[in-house]
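Novice: At position 10 of the sequence shown the residue is numbered 20 (our numbering), and the sequence of numbers has no breaks.
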Amino acid sequence: MALPLTPSRTGQPASDCRVLGLRERKKQRTRDSLVAAAHGLFLRQGYARTTVDEIAANVDVSQRTFFRYFANKEEVALAVLADAEDYFVECLRRRPAEETPLQAMRASITQTWQVMSRDEGSGPGGVQAALELIDLIESTPMLLAAHLRRTIEQEGVVTAILAEREGLDPATDVRPRVLAAAFGAVIRVSHLSWTADTAAHAAGPDGMIAIIERHLDQLGPALAGPWRS
11 MALPLTPSRT
21 GQPASDCRVL
31 GLRERKKQRT
41 RDSLVAAAHG
51 LFLRQGYART
61 TVDEIAANVD
71 VSQRTFFRYF
81 ANKEEVALAV
91 LADAEDYFVE
101 CLRRRPAEET
111 PLQAMRASIT
121 QTWQVMSRDE
131 GSGPGGVQAA
141 LELIDLIEST
151 PMLLAAHLRR
161 TIEQEGVVTA
171 ILAEREGLDP
181 ATDVRPRVLA
191 AAFGAVIRVS
201 HLSWTADTAA
211 HAAGPDGMIA
221 IIERHLDQLG
231 PALAGPWRS
């Protein structure tokens with residue numbers, strides 16, 4: 011798998027997939043194959059026209075096997091970005107305590123894109139697949155709705171992490187929730203800007219990182235500065 015810090019996928023922390031047993035490695039390969047097959051089918055014939063049976067048949071597994079890994083077609087479609095988002099969350103948890111909230115989030119999103127770029131071709135979670143999925147989401151209302159639902163859920167997770175880092179109560183201090191929501195909005199706007207920017211598009215992950223950095227520079231000092239008095 012391209013993104014190593016996703017314990018929810020393998021039950022293992024960090025990136026050492028070598029310690030996985032044979033059964034776990036086989037399960038990971040099956041999951042990766044389902045994600046790759048679904049992604050290819052969605053791009054070739056569209057999301058609506060692709061069925062779970064077709065995805066499973068491409069990997070030579072049963073529909074029942076598919077549903078061991080994914081609850082529905084939406085979940086397998088969004089898996090590439092979902093894994094990247096999970097990786098971002100794990101990076102954020104590990105950032106040094108002396109960083110401001112925005113510094114920690116910037117470093118985490120940059121690391122996520124860099125790892126995806128470095129591991130391109132080693133699994134279905136590479137940069138090219140992520141960028142293709144971004145385009146697919148924006149042109150597919152069902153996927154866009156599902157992606158936005160997940161984004162809202164992730165905002166809650168990020169809010170909790172930021173509040174814990176800073177020793178704040180998010181019920182009474184709105185800054186963790188506001189920053190989580192603002193950061194999510196910046197990332198989506200960056201995705202849209204990347205799609206429309208030919209030069210950034212051609213630059214791949216470096217172009218995406220540059221756009222994200224430029225947009226984050228525009229966040230106000232009230233969110234960007236230190237929060238601890």
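Each residue gets a CB set at the ideal place from its N, CA and C atoms; glycine is no exception.
Rounded to a whole number of angstroms, what is the C-alpha to C-alpha distance between residue 189 and residue 197?
Specialist: For this step, residue 189 is matched to residue 179 along the sequence shown. For this step, residue 197 is matched to residue 187 along the sequence shown. In a straight line, the C-alpha of residue 189 is about 12 angstroms away from that of residue 197.
Novice: Do you know offhand how far residue 207's Cα is from residue 91's?
Specialist: On the sequence shown, residue 207 is found 197 positions in, with the first residue counted as 1. On the sequence shown, residue 91 is found 81 positions in, with the first residue counted as 1. Taking the straight line joining both Cα atoms gives about 21 angstroms.
Novice: Do the segment 36 to 50 and the segment 87 to 101 make contact, defined as three or more Cβ pairs closer than 8 angstroms?
Specialist: Touching, per the Cβ criterion.
Novice: Where do the N-terminal and C-terminal ends of the alpha helix (DSSP H) with residue 88 fall, by residue?
Specialist: Locating residue 88 in the sequence shown gives position 78, where the first residue counts as 1. From DSSP, residue 88 is part of no alpha helix (DSSP H); its letter is neither H nor E.
Novice: Rounded to the nearest angstrom, what separates residue 23 and residue 101 at their Cα positions?
Specialist: Counting from 1 along the sequence shown, the entry for residue 23 is found at position 13. Counting from 1 along the sequence shown, the entry for residue 101 is found at position 91. In this prediction, residue 23 scores a pLDDT of 37, lower than 50, which makes its location untrustworthy; the coordinate-derived value is nonetheless stated afterwards. Rounded to the nearest angstrom, the two C-alpha atoms are 12 angstroms apart.
Novice: Could you check if residue 193 is buried or exposed, using at least 16 other CB atoms within 10 Å of its CB as the buried criterion?
Specialist: The sequence position of residue 193 within the sequence shown is 183, counting from 1. Buried: at least 16 other Cβ atoms inside 10 Å.
Novice: Buried or exposed for residue 152, please, with buried defined as at least 16 other CB atoms from any protein chain shown within 10 angstroms of its CB.
Specialist: Sequence index remark: in the sequence shown, residue 152 carries index 142 (1-based). Its Cβ having fewer than 16 others within 10 Å, residue 152 is exposed.
Novice: Does residue 194 come out as helix, strand or coil in the three-state DSSP assignment?
Specialist: Here residue 194 refers to the residue found at position 184 when the sequence shown is read from its first residue. Residue 194 falls in the helix class under three-state DSSP.
Novice: Please name the residue in 38, 175 and 31 whose C-alpha comes closest to that of residue 113.
Specialist: Residue numbering aside, residue 113 sits at position 103 when the sequence shown is read from its first letter. Of the listed residues, the one whose Cα sits closest to residue 113 is 175.
Novice: Can you tell me whether residue 72 is helix, strand or coil according to DSSP?
Specialist: Here residue 72 refers to the residue found at position 62 of the sequence shown. Coil, per DSSP.
Novice: Hey, out of 31, 58, 155 and 94, whose CA is closest to residue 242's CA?
Specialist: The chain is shown only over 11 to 239; residue 242 falls outside these bounds and no answer can be derived.
Novice: Among 209, 184, 84 and 78, which residue has its Cα nearest to the Cα of residue 160?
Specialist: Numbered from its first residue, the sequence shown carries residue 160 at position 150. Checked all of 209, 184, 84 and 78; the closest Cα to residue 160 is 84.
Novice: May I ask which residues mark the beginning and end of the alpha helix (DSSP H) holding residue 42?
Specialist: Position 32 of the sequence shown, counted from the start, is the residue given in the question as residue 42. Here the alpha helix (DSSP H) through residue 42 covers 32 to 55.
Novice: Our contact map puts residue 117 next to residue 109 with C-beta atoms below 8 angstroms; I'd like the distance itself, whole angstroms only.
Specialist: Residue numbering aside, residue 117 sits at position 107 when the sequence shown is read from its first letter. Residue numbering aside, residue 109 sits at position 99 when the sequence shown is read from its first letter. Between residue 109 and residue 117 the Cβ distance is about 7 angstroms, and since that is below 8 angstroms, they are a contact.
Novice: Take residue 51 as the anchor and find which of 68, 225 and 124 has the nearest alpha-carbon.
Specialist: Residue 51 sits at position 41 when you count from the first residue of the sequence shown. Measuring from the Cα of residue 51, the nearest candidate turns out to be 68.
Novice: Alpha carbon to alpha carbon, how far is residue 237 from residue 178?
Specialist: Taking the sequence shown and counting its residues from 1, the one referred to as residue 237 is at position 227. Taking the sequence shown and counting its residues from 1, the one referred to as residue 178 is at position 168. Those two C-alpha atoms are separated by around 9 angstroms.
Novice: So is residue 26 buried or exposed if we call it buried at 16+ other beta carbons inside 10 Å?
Specialist: Here residue 26 is taken as the residue at index 16 of the sequence shown, counted from 1. The predicted position of residue 26 is uncertain, since its pLDDT is 41 and thus under 50; no value can be drawn from it.
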